[in-house]
Amino acid sequence: MKRRLTIALTLSLLLALGIYGAVLAQGGSPIDLNSLPGGGWWVSWQVQNVGTQTANLQVQALGADGTTFGSGTASATIDPGAGLTFIPGNLNPLSPELEPGFIGSAVLSADQPIVAIGFVQNNQVFDLGVPGGLAGAAYQGVSGDDAGSTVAFPLVKLDWAGQSTTLYIQAAGAPASVSVTYRMNDGTEVTDGPYDLDADEMKVFTPSDKLGSPACGSDAASTPCLGGAVATSTTGDIVGIFTEHPTVADPAPFVLSTKGFGPNDAGTTLAAPIIKNDWVGRTTGLTVQNASTSQVTVNVTFTGAPPAACAGNTYAGTEVTLDPGKSYVYFPTLGNMGGFPSNCFGSATITGTGPIVATVNESGANKKTVYSAFATANATKKVAVPLVKEDWVNRTTGVALQNVGESSTNVTCTYNVVQSQGTNPGSVTLTSQTIPAGGAIALYRVWTNPGQYGADAAKLEKSFSAVICESDSENIVAIAQEADLSGQFDIKNYEGFNIQ
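Just so you know, the sequence shown maps onto residues 945 to 1444 in this note's numbering.
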């Protein structure tokens, strides 16, 4: 039986936003998909086989209008637990290779369960990127289970502090009539649409299309330049992602991206594995959105985690009531995080009296990133993390694991090495780590600490892997955060995949 993973939106965003310029959308009208500032943007992606047998991968290439591109299909094989890396024009393990000039989307299917992430960046690698490009972001591929009649975006910016949001909505396999409603903090509510999209066609939405360029002011709680958005289809299902980026920059120093929330992503309890207040110079903001059609009351508990001095302490955030579609931001300087102290690293548990969704933005030293909080009802005891770097080309990935259960649990992670600058060790299983109920741990540069993670951890030096983490009793969630060890380049976050 084939498992189908639609990363159509991610690739239609990324490859179309790359070096190829504009494409034709509905009705033959050109839409400039190079919506990120400064140019030089390119995409790579990573696929992980999370099954028990070799996966026979099929890749269907579609143009941005949803029609077949070039030969249309390509294939590859992936060993159990292992990963496959694609970089356009340079690292292309597909057979046949995707033709040069590909703009559009890709639908991946396999005879084993698979997960995938995409990366958008403008740094120079091979013949890609732009001089001075430092920006990069990562995001999940979208599976068929993520599609629905709505996609929620808790945080939308319209040139707020020089940053803006762009939304990318795609018809998921069938025609869709799509609108986007913006609800801004000054009470403005406006709808853009409807637009009729063909199957697998994608449309770009920007708040300025309907809201223009209002005076933002300085009060975040009442500005017309901050708010949330909900995309709605009255016919077929849709999926969506967003980017946040400088409104104007050449080259852009940062970009943020993650998927929007479909109906299955909302829940009454959410988990956010990474929360920071001036932790190593970086701070997070938590944005919670009411994803229901009636008022919802929201509460947040922040919990400190090792190695911070605040580990084990809990802090109660301000209780708020949100109207449908409205958002609220928790941030240290707003005084609404219950005293979550400076120099603290931890996690958050968010509860609502109705369905809610949330994102976490992180910033510091002109490097920014974002991730989506998890509905705990969707958590499992097993998480896949498709790309984890251990000082690979001066990049390293920290994996934050949060226990969303009511008792402590032991978590064991296996690194399936894709490439290594030394002898490839194949797979390395770390010593199990204990996570308290509601708490989190961070796996960071594990190769440097064999005393904690086991002697074989040292074999991971200068490698990158596809990782599987498994809990022995409670459900867990994970966030991966990739950083440049020199501190020069942007930081990338993506959500781990909960699997069975």
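Just so you know, even glycine gets a beta-carbon here, dropped at the ideal spot from N, CA and C.
This structure is a prediction, so every number in the text was calculated from the model and none was measured.
Nearest neighbour of residue i, chosen from the options [CA to CA]
i: Cys1254; options: Asn1287, Glu1263, Thr1262 and Ala1118; result: Asn1287
i: Ala1422; options: Asn1437, Gly1073, Val1134 and Pro1250; result: Asn1437
i: Tyr1274; options: Ala1386, Asp1103, Pro1268 and Phe1246; result: Phe1246
i: Gln1444; options: Gly995, Glu1405 and Leu1099; result: Gly995
i: Ala1091; options: Ile1185, Gly1025, Pro1098 and Gln1068; result: Ile1185
i: Gly1077; options: Pro1037, Leu980 and Ala1118; result: Leu980
i: Ser1019; options: Gln997, Gly1025 and Asp1055; result: Asp1055
i: Ser1271; options: Thr1293, Pro1138 and Pro1098; result: Pro1098
i: Ala1402; options: Phe1408, Val1411 and Thr1392; result: Thr1392
i: Val1362; options: Trp985, Val987 and Val991; result: Val991
i: Leu1141; options: Gly1382, Glu1041, Pro1119 and Gly1308; result: Pro1119
i: Asp1136; options: Glu1145, Pro1158 and Ile1113; result: Ile1113
i: Leu1495; options: Val1059, Gly1383, Pro1040 and Ser1039; result: This structure cannot settle anything about residue 1495, because the visible part of the chain is limited to 945 through 1444.
i: Thr1202; options: Thr1110, Arg1339 and Thr1293; result: Thr1110
i: Gly1296; options: Gly1180, Asp1267, Thr1324 and Pro1380; result: Asp1267
i: Gly1383; options: Thr1258, Leu1404 and Leu1052; result: Thr1258
i: Ala1249; options: Pro1285, Ser1093, Ser1157 and Val1264; result: Pro1285
i: Phe1198; options: Ser1430, Asp1023, Ala1323 and Glu1306; result: Glu1306
i: Phe1408; options: Ala999, Leu1001, Leu1028 and Val1074; result: Leu1028
i: Gln997; options: Ala1210, Pro1276 and Thr1021; result: Thr1021
i: Gln1084; options: Ala1317, Ser1376, Gly1283 and Pro1168; result: Ala1317
i: Gly1206; options: Ser1108, Pro1299, Gln1002 and Arg1339; result: Pro1299
i: Gly1204; options: Pro1138, Ala1302 and Asp1144; result: Ala1302
i: Ser1351; options: Trp1104, Leu1170 and Ile1420; result: Ile1420
i: Ser1177; options: Pro1168, Ala1143, Thr1150 and Pro1024; result: Ala1143
i: Leu1429; options: Lys1147, Glu1334 and Ala1164; result: Glu1334
i: Gly1088; options: Val1051, Ser1108 and Pro1369; result: Val1051
i: Asn1322; options: Ala1215, Thr1367, Thr1179 and Pro1276; result: Ala1215
i: Val1348; options: Val1337, Thr1324 and Arg1339; result: Thr1324
i: Asn1208; options: Val1086, Thr1358, Ala1399 and Gly1279; result: Val1086
i: Trp985; options: Thr1187, Thr1262 and Asp1400; result: Thr1187
Residues bridged to residue i [DSSP beta-bridge criterion]
i: Val1069; result: Leu1072
i: Asp1267; result: The partner list for Asp1267 (beta bridge, DSSP) is empty, contrary to what the question assumes.
i: Phe1063; result: Ser988 and Ala1082
i: Phe1498; result: Coverage of the chain is limited to positions 945 through 1444, which leaves residue 1498 absent and any answer about it impossible.
i: Ser1238; result: DSSP lists no partner for Ser1238.
i: Tyr1259; result: Phe1246
i: Ala1018; result: Val1003
i: Lys1326; result: Glu1414 and Ile1443
i: Trp1223; result: Arg1226
i: Glu1334; result: Ser1407
i: Trp1104; result: Gln1107
i: Ile1031; result: Leu1035
i: Tyr894; result: Summary: the structure shown does not reach residue 894, with the chain confined to residues 945 through 1444, and so no result is reported for it.
i: Gly1092; result: Ile1182
i: Gly1211; result: Ile1300
i: Pro1380; result: Looking at the DSSP assignment, Pro1380 forms no beta bridge with any residue, so it has no partner.
Neighbourhood of residue i by C-beta, 6 angstroms cutoff - its chain only, sequence neighbours within 5 removed
i: Lys1326; result: Glu1414 and Ile1443
i: Gly1440; result: Val1327, Val1329 and Ala1422
i: Asn1173; result: The displayed chain sequence assigns Ala, not Asn, to residue 1173. Result list for Ala1173: Phe1097, Val1100, Val1124 and Tyr1126, in chain order.
i: Gly1342; result: Ala1386, Tyr1388 and Gln1425
i: Ile1435; result: Lys1311, Thr1313 and Ala1427
i: Ser1417; result: Thr1353
i: Gly982; result: Ala1193, Asp1194, Pro1195 and Ala1196
i: Ser1166; result: Asn1129 and Asp1130
i: Gln1365; result: Lys1406
i: Gly1080; result: Gln1065, Asp1434 and Lys1436
i: Thr1213; result: Thr1295 and Thr1320
i: Asp1181; result: Ala1091, Gly1092 and Ala1116
i: Gly1431; result: none
CB contact check: residue i to chain D, cutoff 8 angstroms
i: Asn1347; result: Among the protein chains of the structure shown there is no chain D, as only one such chain exists.
Sequence-distant residues of its chain with Cβ nearer than 8 angstroms to residue i (five each side left out)
i: Gly1026; result: Looking at the sequence shown, residue 1026 is not Gly but Ala. Here the set comprises Gln992, Asn993, Asn1360, Val1362 and Ala1410.
i: Gly1225; result: Gly1308 and Ala1309
i: Gly1106; result: Pro1190, Thr1191 and Val1192
i: Asn1034; result: Val1069, Phe1070, Asp1071 and Leu1072
i: Ser1039; result: Ala1018, Ser1019 and Ala1020
i: Pro1138; result: Ser1121, Val1122, Ser1123 and Thr1178
Residues near residue i by beta carbon distance below 7 angstroms, same chain, minus five either side
i: Trp1223; result: Ala1252, Asn1287, Cys1288 and Phe1289
i: Pro1075; result: Gln1068
i: Ala1260; result: Thr1245 and Gly1282
i: Cys1169; result: Lys1101, Leu1102, Asp1103, Trp1104, Pro1158 and Cys1160
i: Asp1153; result: Asp1136
i: Pro1276; result: Asn1221, Thr1227 and Phe1284
Segments assigned beta strand (DSSP E), at least 3 residues, entirely inside the stretch 1339-1373 = 1339-1347, 1353-1364 and 1371-1373
Entirely within the stretch 1119-1179 and at least 4 residues each: give me those alpha helix (DSSP H) ranges in chain order.
-> 1152-1155
Could you tell me which uninterrupted alpha helix (DSSP H) segments, each at least 4 residues in length, are contained entirely in the stretch 1400-1438, listed from first to last along the chain?
-> none
So, do the stretch 1128-1144 and the stretch 1210-1223 have three or more beta carbon pairs nearer to each other than 8 angstroms?
-> no
Three or more C-beta pairs closer than 8 angstroms, one from the stretch 1225-1238 and one from the stretch 1393-1412: is that the case here?
-> no
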